[in-house]
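With UniProt numbering, letter number 145 in the sequence shown gets 145, and the count goes up by one each step, no holes.
Glycine included, C-beta positions come from ideal geometry on N, C-alpha and C.
Here the structure is laid out as structure tokens; the discussion comes afterwards.
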Amino acid sequence: MTSEEDFTRALRDSADFAPAPPTELFALAAERRGRTRVRRRRTLGASAVALVAATGCALALLPGHTPAPVRTTPAAPVVDGVFMSTTLRSLLPADGRVTDPAGTEVSLVTPGQAPMAWLDYDDGHGSARVLLAVDRLATPLSDGTPALQCPDTLAEPTTTCRRTTRPDGSRLTTSTKAPRWDGDDRAWSVTYAAPDGRAVTVHQVTSATPGHPARETPPLTEAQLQDVAASDAWRPAYAVLPAATVPPAAPVAGRPSSPRCAPPCPPASPSTRAPRPRTPPAACTEP
Numbered sequence: 001m002t003s004e005e006d007f008t009r010a011l012r013d014s015a016d017f018a019p020a021p022p023t024e025l026f027a028l029a030a031e032r033r034g035r036t037r038v039r040r041r042r043t044l045g046a047s048a049v050a051l052v053a054a055t056g057c058a059l060a061l062l063p064g065h066t067p068a069p070v071r072t073t074p075a076a077p078v079v080d081g082v083f084m085s086t087t088l089r090s091l092l093p094a095d096g097r098v099t100d101p102a103g104t105e106v107s108l109v110t111p112g113q114a115p116m117a118w119l120d121y122d123d124g125h126g127s128a129r130v131l132l133a134v135d136r137l138a139t140p141l142s143d144g145t146p147a148l149q150c151p152d153t154l155a156e157p158t159t160t161c162r163r164t165t166r167p168d169g170s171r172l173t174t175s176t177k178a179p180r181w182d183g184d185d186r187a188w189s190v191t192y193a194a195p196d197g198r199a200v201t202v203h204q205v206t207s208a209t210p211g212h213p214a215r216e217t218p219p220l221t222e223a224q225l226q227d228v229a230a231s232d233a234w235r236p237a238y239a240v241l242p243a244a245t246v247p248p249a250a251p252v253a254g255r256p257s258s259p260r261c262a263p264p265c266p267p268a269s270p271s272t273r274a275p276r277p278r279t280p281p282a283a284c285t286e287p
């Protein structure tokens, strides 16, 4: 037997009598190696995320880089006296002169009285007081809706009035009051009501002064009054107005119903009228 054969046999005998390999230790070692690899991968992943974030910040700081615009919802306007008077002023012809604008807050309106705005408007040929009131009417609208009735011609014999229904279902009531005596005022009124109950009434009044009768032609035409009343600029006011709960009243047979005058009344007659106030006139009330 050669020396190579003796060496081979010795190796084989050593393997036969050697103790069993420690498999538990191998398993633990493999688990440790696996955890080490997972930690290494996580560390590399976090480093990559940080690198991407840092790169994005650096790009945002580079000249010429414009960040994506952020969309924001515009805040609803605050409906107060300033809103009412400013909105009325914005709807009038810009070539006229406006003085003494004022208004009432919706939240401070007393029950039964609508939020209002008023001002003096001069087109260069004399001033007129313009008064406006926003209201919400009970629906559905009908010929018997009180706010859309014409004035009682027995009480106002110099008043002319007409009512129309427009193609979109909205309604208009327009009236004109001529002086009943020398020195009496003239008044022009428009009430607009949308099918959903939104309503706006606009008055313009020209007053007589000593030696000067009330001007016969108002600064604003009837069409301009209608545009003011029907403008969408008043929509924010309805968001804070309570819904109407009183159903429309039927007109009295044989006599037109008097209107529910939420807007301010025209000035009183000269014999009883005090100097023109700079606060809102009292609202009309139904009998």
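In this structure, the CA atom of residue 199 is about 9 angstroms from the CA atom of residue 171.
In this structure, DSSP gives residue 126 a state outside helix and strand, which the three-state scheme calls coil. Within its own chain, the residues whose Cβ lies closer than 8 angstroms to the Cβ of residue 238, once the five positions on either side in sequence are excluded, are 134, 136, 198, listed in chain order. Sequence-distant partners of residue 226 (beyond 5 residues in either direction) whose C-beta falls short of 8 angstroms from its own C-beta, in its chain, are 172, 174, 190, 192. Sorting 116, 180, 212 by C-alpha distance to the C-alpha of residue 153 places 180 at the top. Looking from the CA of residue 184, the closest CA among 216, 233, 196 belongs to 216. Between the C-alpha atoms of residue 142 and residue 211 there is a straight-line separation of about 45 angstroms.
Approximately 6 angstroms separates the beta-carbon atoms of residue 218 and residue 206; this is inside 8 angstroms, confirming the contact.
The Cβ-Cβ distance between residue 101 and residue 119 falls below 8 angstroms. Under the DSSP assignment, residue 79 falls outside any alpha helix (DSSP H); it carries neither an H nor an E label. By the Cβ-count criterion, residue 104 is buried, with 16 or more other Cβ atoms from all chains shown falling within 10 Å of its own Cβ. Here the C-alpha atom of residue 127 lies approximately 34 angstroms from the C-alpha atom of residue 242. Only residues of its own chain outside the window of five on either side were considered, and among them 76, 77, 79, 83 have a CB closer than 8 angstroms to the CB of residue 236, listed in chain order.
In the three-state DSSP reduction, residue 131 falls in the strand class (E or B). Of the residues assessed, residue 115 falls on the buried side of the cut-off, its CB having 16 or more other CB atoms within 10 angstroms. Distances from the CA of residue 145 to each of 130, 195, 92 were compared; the closest alpha carbon is that of 195. Of the candidates 234, 223, 240, 223 places its Cα closest to the Cα of residue 93. With fewer than 16 neighbouring CB atoms inside 10 Å of its own CB, residue 155 falls in the exposed class.
If you look at residue 200, you'll find it in the beta strand (DSSP E) that goes 198-206.
From the listed residues 221, 186, 228, the smallest Cα separation to residue 208 is found for 186. A direct Cα-to-Cα measurement between residue 87 and residue 138 gives close to 25 angstroms.
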